[in-house]
Structure formats: structure tokens, C-alpha cells
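Peer 1: In the working numbering, the protein residues as written are 49 to 358.
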């Protein structure tokens with residue numbers, strides 16, 4: 049029988065949430081989005097599976113009905129976003145080692161469907177390919193610790209127009225550095241605490257000529273795993289934090305961009321991971337509620353991740 053360690057969640061999952069919402073009179077800027085949707089990893093977020101080939105599908109449903117301004121207050125007027133995104137990810141963990149860590153890499157293709165209403169205006173996009181990503185990394189496994197380190201690049205391959213808030217692409221390149229650790233409290237590795245941090249560096253956005261400020265994301269989770277016959281069941285508590293830690297390169301009032309107004313948000317919730325060992329198949333369901341949001345949407349996000357090992 050395969051051990052729990054062999055079926056840990058992959059280190060990262062990249063999801064194109066929505067290309068920058070561009071509503072100059074509503075407090076939204078064209079660079080409101082991000083190349084990483086925080087909250088799609090939590091429990092064992094910094095644990096990479098053993099050598100092998102993995103297919104993962106991340107699915108997210110998000111329906112915020114309010115947006116927050118720079119001081120965290122509600123923006124006036126009607127706001128409603130209906131978003132579904134599905135990300136296809138192929139992960140290859142190799143036997144090759146560098147500095148004692150296994151080399152792995154992944155390729156990510158996001159598909160996005162979105163409908164946005166702000167005031168009397170409506171924007172929509174129907175299941176379109178967003179920006180593509182390539183991510184190599186290293187993974188270490190110690191008796192009570194897992195560590196991971198990755199570099200990633202997001203290419204502006206998806207269509208982007210600053211005047212279209214639901215454009216599937218972001219209109220700029222992003223480089224990302226990620227590092228994290230998972231600690232196991234017991235020898236059987238049934239209890240785990242994980243923290244994964246990411247820093248995103250962006251290039252200048254097409255149309256707006258604004259380079260979005262550097263971003264920092266942290267994802268964390270506490271979980272307990274149980275085995276019932278051929279099933280591995282792991283409930284847990286999940287959380288995520290997002291901060292824009294540097295100003296945008298400049299303001300562009302035509303698109304509602306104010307350089308020193310930073311995006312910030314927190315989210316908390318729970319998840320359930322279920323693995324059916326004979327099929328080498330697992331499903332993870334997570335629900336997070338946003339809070340303490342500045343310059344962003346406030347709502348509930350549901351993430352369903354499916355993983356198959358080959």
C-alpha cells in the first residue's frame with residue numbers, strides 16, 4: 049500500500065483568477081488582478097510528491113458581490129462577479145537531485161469563464177485560455193520535514209485589453225519565487241503544519257504602461273490524516289494572506305490606477321482531502337472566506353482539486 053507521503057499535494061498550483069478589472073469610476077484598476085490566485089493550496093502546501101508523473105485539475109468558483117477601496121470600505125454601486133476557472137497542470141517529479149533535492153517541473157494551462165457587472169455595465173468572457181506558466185523546482189524530504197523551492201514564469205499569452213475587465217490574460221510577464229516547509233508532529237506523519245510563501249515580480253502591463261508592484265503571498269494549513277481501509281482522509285484548517293509590498297511603477301488615472309494604493313487581503317476556512325489508494329486518485333475540497341480586504345473583492349471562494357498519478 050502506498051504511504052501518505054507518496055500522495056501529498058503538489059507544492060503549487062497556479063490559477064489565472066481574472067485579468068485586471070478596469071472600472072475607472074468604481075475604485076478598480078486595470079492591475080487589480082494577479083498571476084497567482086492565493087488560497088488554492090493550504091494543508092501540506094510545501095510538500096511535493098515522490099518521483100512520477102501527475103495530472104492535476106484546479107477548479108475554482110468565486111462570486112463576490114462587493115468590492116473594497118483603499119481604506120477597506122465598500123465601493124458604492126452595484127458589483128457582482130461570477131467566476132469559474134479550471135487549470136490543467138502536468139507535473140513531472142524526476143529522480144535527478146540537486147543539492148539533495150529532487151528536480152521537478154510543471155506546465156500550467158488556465159481556462160477562465162467570467163461575468164462581471166459594475167453599476168449598469170456588464171462584461172463577460174466565455175471559457176478562454178489565459179496566460180501560460182512554466183515552473184521548475186526542488187523538493188526535499190526529511191524524517192519530519194518537507195521543503196520546497198521553485199521559480200516560475202507566467203507569459204502573457206492570453207488575450208488582454210485594458211478596456212475589457214474580463215480579459216483572460218493579464219497583459220504582462222510575471223516571475224515568481226516560492227519557498228516553504230511542512231512539519232510533521234508525529235512519526236506516522238498524520239499531523240502536519242505547512243507554510244508556503246511566494247514573491248511575484250511583474251513587468252509593465254500592455255495598454256496601461258504601468259508595472260504592477262511586487263506581491264507577497266503566504267498559504268498555510270494544519271491537517272490530521274486518518275486511514276479507513278483503502279481511503280486516506282485528511283480534514284484541515286486553511287488560510288491565506290496577500291500583500292502588495294511595493295508601489296505600482298506610476299499612476300494612470302484613465303484606468304483608475306493610483307501607484308501607492310496597495311492591494312491586501314486575508315482568507316480563512318477549511319478543507320477536506322480524500323485519497324482512494326487503489327485508483328491513485330485524490331480530491332481536495334477547500335472553502336475560504338475573504339476578510340480584511342483593501343482594493344479588492346470580498347467573497348467566498350471554493351476550490352476543488354483533482355489529482356491522478358500515472
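Just so it is clear, CB atoms sit at the ideal spot from N, CA and C, and this is done for glycine as well.
Buried or exposed: which applies to residue 71, given that a residue is buried once 16 or more other Cβ atoms fall within 10 Å of its Cβ?
Peer 2: Start at 1 with the first residue of the chain shown, and residue 71 comes out as number 23. Here residue 71 scores only 34 on pLDDT, less than 50, and its place in the model should not be relied on; the value that follows carries that caveat. That one is buried.
Peer 1: How is residue 191 classed by DSSP in three states: helix, strand or coil?
Peer 2: Stepping through the chain shown from its first residue, residue 191 is reached at position 143. Coil at residue 191, not helix or strand.
Peer 1: Using three-state DSSP, classify residue 103 as helix, strand or coil.
Peer 2: Residue numbering aside, residue 103 sits at position 55 when the chain shown is read from its first letter. Of the three classes helix, strand and coil, the one that applies to residue 103 here is strand, per DSSP.
Peer 1: State the Cα-Cα distance for the pair residue 345 and residue 143, rounded to the nearest angstrom.
Peer 2: In the chain shown, the residue the question calls residue 345 occupies position 297. In the chain shown, the residue the question calls residue 143 occupies position 95. Each residue's alpha carbon lies about 42 Å from the other.
Peer 1: Please name the residue in 189, 183 and 164 whose C-alpha comes closest to that of residue 92.
Peer 2: For the purposes of this step, residue 92 is identified with residue 44 of the chain shown, where counting begins at 1. The shortest C-alpha separation from residue 92 is found at 189.
Peer 1: Taking 8 Å as the CB-CB limit, is residue 358 close to chain B?
Peer 2: Here chain B cannot be found, since the structure has a single protein chain.
Peer 1: Using three-state DSSP, classify residue 301 as helix, strand or coil.
Peer 2: Position 253 of the chain shown, counting from 1, holds the residue named residue 301. Helix.
Peer 1: Determine whether the beta carbon atoms of residue 353 and residue 104 lie at a separation below 8 Å.
Peer 2: For the purposes of this step, residue 353 is taken as the residue at position 305 of the chain shown. For the purposes of this step, residue 104 is taken as the residue at position 56 of the chain shown. Yes; because the gap between Cβ atoms is below 8 Å, this pair is in contact.
Peer 1: Under a three-way DSSP split, which group does residue 112 fall into?
Peer 2: Residue 112 sits at position 64 when you count from the first residue of the chain shown. Three-state DSSP puts residue 112 in coil, outside helix and strand.
Peer 1: With a threshold of 16 other CB atoms inside 10 Å of the CB of residue 90, please say whether the residue is buried or exposed.
Peer 2: Taking the first residue of the chain shown as 1, we reach residue 90 at position 42. Buried: at least 16 other Cβ atoms inside 10 Å.
Peer 1: Along the chain, where does the beta strand (DSSP E) containing residue 334 start, and where does it finish?
Peer 2: Counting from 1 along the chain shown, the entry for residue 334 is found at position 286. Start and end: 329-342.
Peer 1: Run the CB neighbour count on residue 166, radius 10 Å, all protein chains shown included, and call it buried at 16 or more, exposed below.
Peer 2: As a working note, residue 166 is residue 118 in the chain shown. Answer is buried; the Cβ neighbour count reaches 16.
Peer 1: I'd like to check one pair, residue 252 with residue 297: are the Cβ atoms closer than 8 Å?
Peer 2: Taking the chain shown and counting its residues from 1, one reaches residue 297 at position 249. Taking the chain shown and counting its residues from 1, one reaches residue 252 at position 204. In this structure, residue 252 lies closer than 8 Å to residue 297 by Cβ.
Peer 1: Taking only three categories from DSSP, how would you classify residue 326?
Peer 2: Start at 1 with the first residue of the chain shown, and residue 326 comes out as number 278. In this structure, residue 326 counts as helix in the three-state DSSP scheme.
Peer 1: At 3 residues or longer, and completely inside the stretch 272-302: list those beta strand (DSSP E) runs for me, N to C.
Peer 2: Runs found: 274-276 and 279-292.
Peer 1: Tell me, please, which residues DSSP counts as bridged to residue 239.
Peer 2: Indexing the chain shown from 1 puts residue 239 at position 191. In DSSP, residue 239 forms a bridge with 272.
Peer 1: Please state whether DSSP places residue 160 in a helix, a strand or coil.
Peer 2: As a first step, residue 160 must be located in the chain shown, where it is residue number 112. Residue 160 falls in the strand class under three-state DSSP.
Peer 1: Does DSSP put residue 321 in a helix, in a strand, or in coil?
Peer 2: Numbered from its first residue, the chain shown carries residue 321 at position 273. Strand at residue 321.
Peer 1: Does DSSP put residue 139 in a helix, in a strand, or in coil?
Peer 2: In the chain shown, residue 139 corresponds to position 91, counting from 1. DSSP places residue 139 in strand when its eight states are reduced to three.
Peer 1: With distance defined between alpha-carbon atoms, name the residue in 356, 198 and 233 nearest to residue 181.
Peer 2: Stepping through the chain shown from its first residue, residue 181 is reached at position 133. If we check each option's Cα against that of residue 181, 198 comes out closest.
Peer 1: Are the beta-carbon atoms of residue 333 and residue 288 separated by less than 8 Å?
Peer 2: Position 285 of the chain shown, counted from the start, is the residue given in the question as residue 333. Position 240 of the chain shown, counted from the start, is the residue given in the question as residue 288. No.
Peer 1: Give me the Cα-Cα distance between residue 200 and residue 208, rounded to the nearest whole angstrom.
Peer 2: Residue mapping note: residue 200 aligns to position 152 of the chain shown, counting from 1. Residue mapping note: residue 208 aligns to position 160 of the chain shown, counting from 1. In a straight line, the C-alpha of residue 200 is about 21 Å away from that of residue 208.
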